[in-house]
Amino acid sequence: MDRQVKGAAHAHLEGSQLEHGVGPLRQRLAMANLRCQVCGGPAHRTLGGVLWLLGDDPDDPEVWTRGWHTVHPPVCLPCATLSVRVCPHLRKRSVALRVKTGTMAGVLGVRYGPGPDGPELLGPIEHSFREPGIAWTVARQLIARLDEFTVIDLDAEIEAAARDEIAVQEALAQARAFANAPG
Ligand SMILES: [Zn+2]
25 MDRQVKGAAH AHLEGSQLEH GVGPLRQRLA MANLRCQVCG GPAHRTLGGV LWLLGDDPDD
85 PEVWTRGWHT VHPPVCLPCA TLSVRVCPHL RKRSVALRVK TGTMAGVLGV RYGPGPDGPE
145 LLGPIEHSFR EPGIAWTVAR QLIARLDEFT VIDLDAEIEA AARDEIAVQE ALAQARAFAN
205 APG
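Counting in the working numbering, the sequence shown runs from 25 upward without gaps.
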């Protein structure tokens, strides 16, 4: 039964699933604390917002109508860079977002209901925090609703970050040279 439930939940999310799955506990911690879903470090953040990398097709209207709900926590820049290079799914189709505001909208879990011999497993469910009866749902993953965001060019941001890094290294090298200069 458990395998069936997992299969159903996975099938439901497949469209937006990163190839490497994140365990439920790690998913919830990363989502709640805005940590990178891959390495667990702080998610990349600029004035534009927190970096999210999703395996969705931005041209698919379905993605926009559901307000961009996701079970995928954000990412850091190195992990985003690596993911779009090594993950076959993301290589084919992905969208990078800078998220300014978002809300924890609900949970993805399994639902129980009253049965003759106690609680009975009803199946996988997405449960909004606004709906009643959440006590009957065993949460597996947190669902975030991304409210205010901009679609970004990830490659351009990676290049800019690399340029900044080189500039910082050059400045440090100059500072060191200056400090070590005689007299
Ligand atoms: Zn990371």
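Heads up, the beta-carbon is just placed ideally off N, CA and C, and yes, glycines get one too.
Note that the structure is predicted; figures quoted are calculated from it, not measured.
Residue i vs residue j beta-carbon contact at 9 Å
i, j, result
"GLU155", "GLY126", "no"
"LEU77", "ILE182", "no"
"THR70", "ARG117", "no"
"LEU146", "GLY137", "yes"
"VAL264", "ALA168", "Limits of the chain in this structure are 25 at one end and 207 at the other, which puts residue 264 out of reach."
"ARG50", "GLY64", "yes"
"GLY47", "PHE173", "no"
"LEU170", "TRP92", "yes"
Neighbourhood of residue i by C-beta, 8 Å cutoff - its chain only, sequence neighbours within 5 removed
i, result
"VAL99", "CYS60, GLN61, VAL62, ALA67, HIS68, LEU75, TRP76, LEU77, SER107"
"ARG109", "ARG115"
Residues that DSSP places opposite residue i in a beta bridge
i, result
"LEU145", "TYR136"
"VAL14", "No answer is possible for residue 14: it lies beyond the span of the chain, which begins at 25 and ends at 207."
"ILE176", "ALA120"
Contacting residues, own chain, Cβ-Cβ under 7 Å from residue i (five flanking each side not counted)
i, result
"ILE158", "HIS151"
"LEU58", "ALA67, VAL74, PRO98"
Cβ shell of residue i (< 6 Å), same chain only, five flanking positions each side left out
i, result
"PRO176", "Correcting the residue type first, residue 176 is Ile in the shown sequence and not Pro. Correct list, in chain order: ALA120, ARG122."
"ALA54", "GLN61, PRO97"
"ALA191", "none"
"ALA33", "Any reading at ALA33 must be qualified, since the residue scores a pLDDT of 36, below 50, and its modelled position is unreliable; the value itself is stated next. Excluding positions up to five away in sequence, the list reads PRO148."
"ASN204", "none"
Could you pull out every unbroken alpha helix (DSSP H) segment of at least 4 residues lying fully inside the region 52-114, listed in chain order? 85-89, 101-110
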